[in-house]
Each structure stands twice: as C-alpha cells, then as structure tokens.
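Below: the structure, in structure tokens.
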Amino acid sequence: MKIIFSLILVVMMTMSFKTISVINWELDTAHSNLHFAVTHLMVSEIEGSLKITNATLTTPNEDFTDAVVSLEADMNTIDTDNDSRDTHLKSDDFFNVEKFPTMTFKSDAFKKTEDKKYTVTGQLTFHGITKTVTLDVIANPGVQPWDNKTIVGFKVTGKINRSDFDISASTPSAMLSDEVVIFANVIFVKN
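Here is the structure:
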C-alpha cells in the first residue's frame, strides 16, 4: 500500500511541474534604430539618433506578454545632422559622454494592452541617473523570406523629461523643451 501511495504521489508531483521554455531572440542591428526629438525655441523639432550596440529579448511563450528586453546605446554616436551641435551635446553641458558613454534600458514588465499592442516598463539609465519609464510598443511578427526565420518588429514610442536625468538643467524649456520624445524601430530574429 505504501508503494502504491508513493507512486501516486510521484506521478502527481511530476504532473504538477510545468516546463517553462524561454525563447531567445537576436537583434537585427542593420534594421534597428533609436531616435529622439526635442523642441527648439518652441517652434521646431530637432531630431537625433543613437546607435544601438546591444539588445536582447527573451519571451516565455509565443506571445510577448512578460517578455524581458534590454538595450544598450552608445552615447558617443549621437547624431543630429550637425557636427558642432553633436560635439556640444557630447560635452558636460549635456550628456557628458566621456563620463557616461552608455545609455541602458532593462524591462521590468511587458504587458499586452490589445492585439499587437503592449506597454513596456523598465529602468532607463543615462547621464548617471536611473528612472522608471513606460513606453508603448506595437509588435509586428513576421517571417524572413530568405531563410524562413521568425522575426518581430517593435515600434516603440514614449516621452521622458530631460530634467529627470539632469540634462542641461540651466537651459530654459522655452529654449529647449524639457519633454523628449523617444521613438525606435527594432527587429529581433527568433533563435
């Protein structure tokens, strides 16, 4: 009787454990970008970009709910289509890239809001300061026609305040908006 009870217990325990498989995705650097925009003199937007140097995506299932994403960008690659402005932005008046060469984002939550739409909340670190930010994500899954690999494109949008990261604190918002718009398009390939 003890043997039968033990066998039943072992079978029940085995059935109660759920196998969790994680899906890893690799960044397609050639087709991914990170941009920002700020308002200059309250009349025009200045746009710029940063080079994404590393990004990872892991998903616990075929849906992107509860995905984990991380991203790094090289602050030395800032490009606003004006060399003298880029040099000034790299200085300690703004980003101080010598001291803070990398911007990072690490997700804490990736939640589905409706079909193909998500919010990602995580820790954004740059200029030596880390803040929690929430960004909107549109996921567009697909297949690469040349190798039939599964891919996903994320269109990411959101806003942060430069004052939260102590960026050019002495510059009035009438000259340079406090609000910074972030927009990115990233493609990940399923491993």
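Each residue of the sequence shown is one higher than the one before, counting from 1 in the UniProt record's numbering.
We put the beta carbon where it would ideally sit given N, CA and C, even for glycine.
Next on the checklist: Rounded to the nearest angstrom, what separates residue 54 and residue 69 at their Cα positions?
Outcome noted: For residue 54 and residue 69, the distance between alpha carbons rounds to 11 Å.
Item to check | residue 127 and residue 167 closer than 8 Å at C-beta | outcome: yes
Item to check | Per DSSP, cross-strand counterpart(s) of residue 40 | outcome: Per DSSP, 44, 176.
Item to check | residue 139 versus 125, 21, 113, residue with shortest Cα-Cα distance | outcome: The candidate whose alpha carbon is nearest that of residue 139 is 113.
Next on the checklist: Measuring only the C-alpha atoms, how far is residue 228 from residue 118?
Outcome noted: An answer regarding residue 228 cannot be provided, because it is not within the stretch 1 to 191 covered by the chain.
Checklist entry - Should the segment 29-47 be called in touch with the segment 58-66, which here means at least 3 C-beta pairs below 8 Å? => result In short, these stretches do not touch, since the Cβ pair count stays below three.
Checklist entry - Where does residue 67 sit, in a helix, a strand or coil, going by DSSP? => result DSSP places residue 67 in coil when its eight states are reduced to three.
Checklist entry - In chain order, what residues of the same chain have a beta carbon less than 6 Å from the beta carbon of residue 177, not counting five sequence neighbours either side? => result Residues 38, 39 of the same chain have their beta carbon placed closer than 6 Å to that of residue 177, with the five preceding and five following residues left out of the count.
Checklist entry - When burial is assigned at 16 or more other CB atoms within 10 Å of the CB, is residue 180 buried or exposed? => result buried
Next on the checklist: For a test of the three-state rule: what should DSSP assign to residue 95, helix, strand or coil?
Outcome noted: For residue 95, the secondary structure class from DSSP, reduced to helix, strand or coil, is coil.
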